[in-house]
Amino acid sequence: MITAIPEQNQTAAKEYVQSVYELVIKRNPYESEFHQAVKEILDSLVPVFAKHPKYKEHGILERIVEPERMVSFRVPWVDDNGKVQVNRGFRVQFNSAIGPYKGGLRFHPSVNASIIKFLGFEQILKNSLTGQPIGGGKGGSDFDPKGKSDNEIMRFTQSFMTELSKYIGPDVDVPAGDIGVGGREIGYMFGQYKRLRGGYEAGVLTGKGIIYGGSLARTEATGYGCVYFANEMLTAKGLGFEGSTVVVSGSGNVSIYAIEKAHQLGAKVVACSDSNGYVYDPNGINLETVKRLKEVERKRIKEYVAEHPGAVYTEGCDGIWSIPCDIALPCATQNEINEESAKLLVANGVKAISEGANMPSTLEAIDVFLNNQVLFGPAKAANAGGVAVSALEMAQNGMRLQWTFEEVDAKLHSIMKNIYANSVRAADEYGYSGNLVVGANIAGFLRVADAMIAQGVV
Ligand code: NDP
Ligand code: 2IT
């Protein structure tokens, strides 16, 4: 039910939220990605603070923007030439109001405190939206896995885990994968953690291999979930994937399974990319080729065209958004769609965007989509399927049993439907019908905020 909120409450809430945002900038200078994530969320929460003064009285905003803990550590390792290398490791334990810290680890040269904090901050509300008992965390390193041998990856991950192990545990903090961290890296980290602990704590990491405690459908979960979410938005408008043209950026874990599910639903995915460039295949992307090139051979997406002569490779990433499509699934990295790309997508008739990556659209790009009535599924809702199945992996580990692929997939599907329904409901209730950015932020926030109030000032 929409209840009218007095004008002066709105103004006061706006000023309050702005003052907390300014505090964040002052306290965390130069952290532009973190500022961006905080701005998007805080602006959405104005109607909540206008309606419910209790959240201000309990200092929820001031507390939620400050991580409970953040560690940064040295990761020394020796490369194949016998040379000592030093990387920097991070873990932010942002919020544990509704469960142990939960969130991925990213290995990419761009990783710094700002990127880890933006991801950790987003993760608080994303995890809350899943309805599962998981708090928000994130970590990673500026280590670049590209071009490294298997042995180098193992030595690095063992060194990384030697320090990280001091801060994590199945009831404390449960990392998983993200960019540059997949099954191989999780396996090496799990082995090292087990050796250090002297016990088999299966629930300490998720995304594990199926034979040693992993969940079926975790590999597929983020990509499938992103498509399930898009499908909810589309069917509500009488649209769907069947017969549509889709563009998916990236060609990693999230992209591959987004492409797979889009194909299963009868769409044609015509393009995908990596950090060097993109391929356009008017016949539809051959997913078996992409899987082999990326998951097995760890090659560049450019190699695709050698096997598919009808396809064209273009150097550079931005151009992928100039390809006309009905549905766009950005699944690579943050800020990959700027205002200009968003305008191009709109001009070419895009109907829906579902964000598989974290914060792939700039704030200006989001405005373009919302102002042009494009269906827009924000990352923390649309890509929550990965962490949701991670929480199902934790549950299976706790029970020492394994569900079938179909069981996990059915639970994932229903979680994505619930996230959509709850985001729609929150947007309606606070007077922002159709705006899932506001809806997802409010629905995610309320659960965490109420738990924080119940637990006192900690
Ligand atoms: P992967 O490492 O498997 O794949 C990442 C893909 O994105 C690769 O194709 C990579 O290209 C491309 N990419 C990475 N960095 C850049 C960059 N700076 N510019 C352009 N392209 C880039 O990672 P994931 O698929 O796991 O993650 C993709 C996105 O999804 C990230 O934003 C991540 O945070 C998010 N996400 C992941 C979840 C998961 O379960 N894995 C869950 C929820 C969100 P290249 O190979 O050239 O580096
Ligand atoms: O951004 C994310 O939600 C992830 N990388 C997945 C986190 C997880 O714990 O599965």
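To convert, count from 1 in the sequence shown and add 60; that's my numbering.
Where a beta carbon is used, it is the ideal one built from N, C-alpha and C, also for glycine.
- Cβ contact annotation for residue 477 (same chain, cutoff 8 Å, sequence separation greater than five): 288, 292, in chain order.
- Taking a cut-off of 8 Å on C-beta distances, the region 157-172 touches the region 189-197, as three or more cross pairs fall below it.
- Only residues of its own chain outside the window of five on either side were considered, and among them 499, 502, 503 have a CB closer than 7 Å to the CB of residue 486, listed in chain order.
- Secondary structure at residue 65: coil, using DSSP grouped into helix, strand and coil.
- Taking a 10 Å sphere around the C-beta of residue 147, we find 16 or more other C-beta atoms and assign the residue as buried.
- In the same chain as residue 77, and ignoring 5 residues on each side of it, the C-beta atoms closer than 6 Å to its own belong to 102, 106, in chain order.
- A contact between stretches requires three or more CB pairs, one per stretch, nearer than 8 Å, and the region 237-248 fails this requirement with the region 453-472.
- Collapsing the DSSP output to three states places residue 267 in coil.
- Of all C-beta pairs linking the region 445-453 to the region 267-286, three or more are shorter than 8 Å, placing the two stretches in contact.
- Residue 447 has its CB nearer than 7 Å to a heavy atom of the ligand 2IT.
- Proximity to residue 453 across 392, 344, 281, 357 peaks at 281, based on C-alpha coordinates.
- Distance from the Cα of residue 217 is smallest, within the candidate group 157, 137, 254, for 137.
- Counting only runs of 4+ residues, the alpha helix (DSSP H) found wholly inside the region 405-483 occupies 423-431, 439-442, 445-459, in chain order.
- When distances are taken from the beta-carbon of residue 334 to the heavy atoms of the ligand NDP, the shortest one is below 7 Å.
- Taken in chain order, the complete beta strand (DSSP E) segments of 3 residues or longer contained in the region 108-181 are 129-138, 144-155, 161-167.
- For residue 403, the three-state secondary structure derived from DSSP is helix.
- Collapsing the DSSP output to three states places residue 517 in coil.
- Exclusion of residue 398 from the 7 Å shell around the ligand NDP follows from its C-beta lying no nearer than that to any non-hydrogen atom of the ligand.
- With a threshold of 16 other beta carbon atoms within 10 Å, residue 238 meets it and is buried.
- The straight-line gap separating the alpha-carbon atoms of residue 122 and residue 98 is approximately 12 Å.
- A distance below 8 Å separates the beta carbons of residue 273 and residue 457.
- For residue 357, no pairing in a beta bridge is given by DSSP.
- In this structure, the beta-carbon distance from residue 325 to residue 302 falls below 8 Å.
- The C-alpha of residue 424 lies about 27 Å from the C-alpha of residue 190.
- Per DSSP, the beta-bridge partners of residue 373 are 339.
- DSSP places residue 190 in the coil class of the three-state scheme, outside both helix and strand.
- Closest by C-alpha distance to residue 251, out of 417, 221, 374, is 221.
- Counted as a single uninterrupted DSSP element, the alpha helix (DSSP H) harbouring residue 254 occupies residues 243-257.
- Sixteen is the threshold: when 16 or more other Cβ atoms of the shown chains lie within 10 Å of the Cβ of residue 93, as they do, the residue is buried.
- Within the same chain, 118 come within 6 Å of residue 513 by CB-CB distance, once the 5 residues on both sides are set aside.
- Residue pairing by DSSP places residue 233 opposite 161, 229 in a beta bridge.
- Taking every protein chain shown into account, the CB of residue 124 has 16 or more other CB atoms within 10 angstroms, so this residue is buried.
- According to the DSSP assignment, residue 102 belongs to the alpha helix (DSSP H) that extends over 92-104.
- Setting aside the 5 residues that flank it on each side, residue 420 is surrounded in the same chain by 309, 390, 391, 392, 393, 394, 395, 396, 397, 439, each with a C-beta closer than 8 Å to its C-beta; the list follows chain order.
- Using a 10 angstroms sphere on the CB of residue 235, the tally of other CB atoms reaches 16 or more, which defines it as buried.
- Within the chosen limit of 7 Å, the ligand NDP does not reach the beta carbon of residue 473 with any heavy atom.
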